Amino acid sequence: MMWTVTTLSKTCKMYQPKTISAKEMKADGEYVVYGANGIIGKYDKYNHEEPQLLITCRGATCGSVNVSTPFSWINGNAMVIQPDTSKVSLRYMEYLFKGGIDLSRAITGSAQPQITRQSLNDITFSYPSLLEQRSIVARLDAAFAQIDSVIESVQRSIEYLEGFFEN
39 MMWTVTTLSK TCKMYQPKTI SAKEMKADGE YVVYGANGII GKYDKYNHEE PQLLITCRGA
99 TCGSVNVSTP FSWINGNAMV IQPDTSKVSL RYMEYLFKGG IDLSRAITGS AQPQITRQSL
159 NDITFSYPSL LEQRSIVARL DAAFAQIDSV IESVQRSIEY LEGFFEN
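Under my numbering, the first residue of the sequence shown is numbered 39, with each subsequent residue one higher.
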């Protein structure tokens, strides 16, 4: 099967949304607010209806990946990466950003690391057909589910042995 080689700027819309301050957030808000590293509060409005791929673009965790929930507010400390889903699925892009794309070239600054849209534009990646992407994502999901299951099993065994040795 033929894979397409492209750049982020040719295949994805990338932007940082409007930021709301902590003072503007509402404790009883209906919608979650995403900051650089995940959920940081609630608000009474949303700025994204669909799940979005988010990349931390400032600070020590620069390059970390999150996917928002539907109907959420995304703050500007996260870069939204919207792939052209007629070519590349969101889940495939999520896995690419978690290991298949080297973001270290896009990070600038040492005292305050950051990623800008400009620094992401020319990063290259490749993708197969959407059908093959779904297959790859399904295999990765299954592998990570097995890993999680083994970790849980090991944790239960550790807890059991700790209890056994205490008695």
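Cβ atoms here follow ideal geometry from the backbone N, Cα and C, with glycine treated the same way.
Being a predicted model, the structure only gives us computed values, none of them experimental.
Per DSSP, residue i is paired with what?
i      : result
Phe163 : Thr44
Leu91  : Val105, Ile119
Met52  : Ile119
Gly73  : Gly76
Tyr198 : Partner(s): none; Tyr198 has no beta bridge.
Apart from the five residues just before and just after residue i, which ones in its own chain have a Cβ nearer than 7 Å to its Cβ?
i      : result
Leu128 : Pro89, Leu91, Pro121
Keeping to the same chain, check which residues put their C-beta closer than 6 Å to that of residue i; ignore five residues upstream and five downstream.
i      : result
Gly114 : Gln54, Pro55, Thr57
Thr45  : Asp160, Thr162
Assign residue i to one of two classes, buried (16 or more other C-beta atoms within 10 Å of its C-beta) or exposed (fewer than that).
i      : result
Ala74  : buried
Asn104 : buried
Thr94  : buried
Gln184 : exposed
To the nearest angstrom, how far is the alpha carbon of residue i from that of residue j?
i      : j      : result
Ser191 : Glu200 : 14 Å
Gly138 : Asp179 : 15 Å
Ile145 : Lys136 : 15 Å
Thr99  : Asn205 : 42 Å
Pro151 : Gly76  : 18 Å
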